[in-house]
Structures are given as structure tokens and as C-alpha cells.
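Notes to accompany the following structure.
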């Protein structure tokens with residue numbers, strides 16, 4: 004037994020106490036930075052194959068280099084791009100990718116209203132998205148269909164003047180005018 008093996012054993016006990024069982028010791032891990040003075044670690048997402056590391060770090064005591072008392076520290080870095088790739092691969096296809104309502108500004112001057120509407124729908128628990136690419140109406144409707152949006156909400160200046168929008172059922176093609184106050188309730192009811 005050594006101090007290092009006791010330390011590793013204690014870490015594994017603490018991990019298990021926190022419900023983390025899927026851990027293993029790999030004495031071959033070497034981090035690319037020379038300042039680590041203790042254990043180093045990596046967290047992997049096996050779904051990413053050979054380039055599966057999404058986080059890495061380790062412990063160090065750098066304060067002594069600058070004349071200070073030893074301060075035991077641990078640092079890590081997360082590869083956000085790797086995490087996003089793992090999330091895309093691991094999530095069920097329809098759980099997060101499906102859009103309930105896609106909000107389309109009929110003209111550029113309706114963009115702010117459309118963005119605000121998306122935020123309101125999301126606050127109401129509706130999976131909503133909206134056009135940020137300044138597509139034409141026909142391209143927006145094609146895009147809404149391509150991403151599987153159940154409904155399109157068209158924000159036009161005439162309708163906005165009357166505090167309403169056009170709600171289009173993307174499956175049937177039927178559309179009707181509803182008041183802005185009704186949007187969240189109506190979509191929730193229809194879903």
C-alpha cells in the first residue's frame with residue numbers, strides 16, 4: 004500500500020457514495036500540461052468513438068512556485084463542441100429536435116415580434132423556434148415542414164395591428180387567425 008493508492012481508493016469510495024459507479028483507473032493517461040502534481044482525469048463519451056474525451060483535468064499545487072504556501076487545487080476544461088456532439092448522438096431523435104411551433108415573420112419589420120413570441124412560447128413549455136435567417140415565406144414554410152414543426156405561426160403586420168397571428172397546421176395545411184393571447188393555450192390544447 005502507498006499514499007497514492009490510498010488516495011485513489013478514497014476517491015473511488017467517494018464517487019460510489021455519490022452514485023458514480025462507471026469509473027476506472029488508467030495509469031496511462033497523461034495530460035498535455037506539465038503543472039499537474041497529482042491525479043489527472045478524463046471524462047469520456049463512448050458514443051464519440053476514438054475521440055471520445057469531453058473533459059479533462061487534474062490536481063496541482065502551483066502556489067509554491069510563486070513563494071506561497073501549498074494550496075491544493077483541481078482544475079478542468081470542458082470541450083463544448085465535443086459535449087454538443089455527444090448530446091446529439093445520445094439524445095433520442097425526437098425528444099429535443101422536434102418543434103411544436105415555428106414562428107415566421109411575414110416581413111422584416113415583424114422580426115422582433117416573432118422573436119418575442121418564440122420566447123413566450125418557450126416560457127409556456129412549448130418547443131418553439133423561429134426564423135433568424137431572413138428566409139422568404141415559402142422557404143420558411145418548407146423549413147418548418149423539414150424540421151417537423153407541427154404548427155407555423157405567421158406574424159404579419161395586419162394581424163399584429165389586431166393583436167393576432169395566423170396559425171397554420173403543417174399537416175393539413177389549414178390555417179386560421181387567433182389572438183396573441185390564445186397562442187400558447189391553443190397550441191397546448193392542439194398538441
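Numbering (the working numbering), first residue to last: 4 to 194.
Each residue gets a CB set at the ideal place from its N, CA and C atoms; glycine is no exception.
None of the values given here were measured: they were computed from a predicted structure.
Three-state secondary structure (DSSP) at residue i?
i, result
"residue 2", "Residue 2 falls outside the range modelled here, since the chain spans only 4 to 194, and no answer is possible."
"residue 79", "strand"
"residue 11", "helix"
"residue 156", "strand"
"residue 123", "helix"
"residue 105", "strand"
"residue 94", "coil"
"residue 112", "helix"
"residue 132", "strand"
"residue 193", "helix"
CB-CB under 6 Å to residue i, same chain, minus the five flanking residues each way: which ones, in chain order?
i, result
"residue 150", "102"
Going by DSSP, name the residue or residues bridged to residue i.
i, result
"residue 47", "56"
Hey, does residue i have any beta-carbon neighbour from chain C nearer than 8 Å?
i, result
"residue 28", "Of the protein chains in this structure there is only one, and it is not chain C."
Apart from the five residues just before and just after residue i, which ones in its own chain have a Cβ nearer than 7 Å to its Cβ?
i, result
"residue 55", "47, 48 and 49"
"residue 32", "43 and 45"
Return yes when the Cβ of residue j is within less than 8 Å of the Cβ of residue i, no when it is not.
i, j, result
"residue 118", "residue 128", "no"
"residue 34", "residue 57", "no"
"residue 191", "residue 180", "no"
"residue 138", "residue 131", "no"
"residue 80", "residue 59", "yes"
"residue 76", "residue 123", "no"
Go through its chain and collect everything with a Cβ distance to residue i's Cβ below 8 Å, but skip five positions before and after it.
i, result
"residue 38", "63 and 65"
Stretch pair the stretch 146 to 165 + the stretch 101 to 110: three plus CB contacts closer than 8 Å: yes
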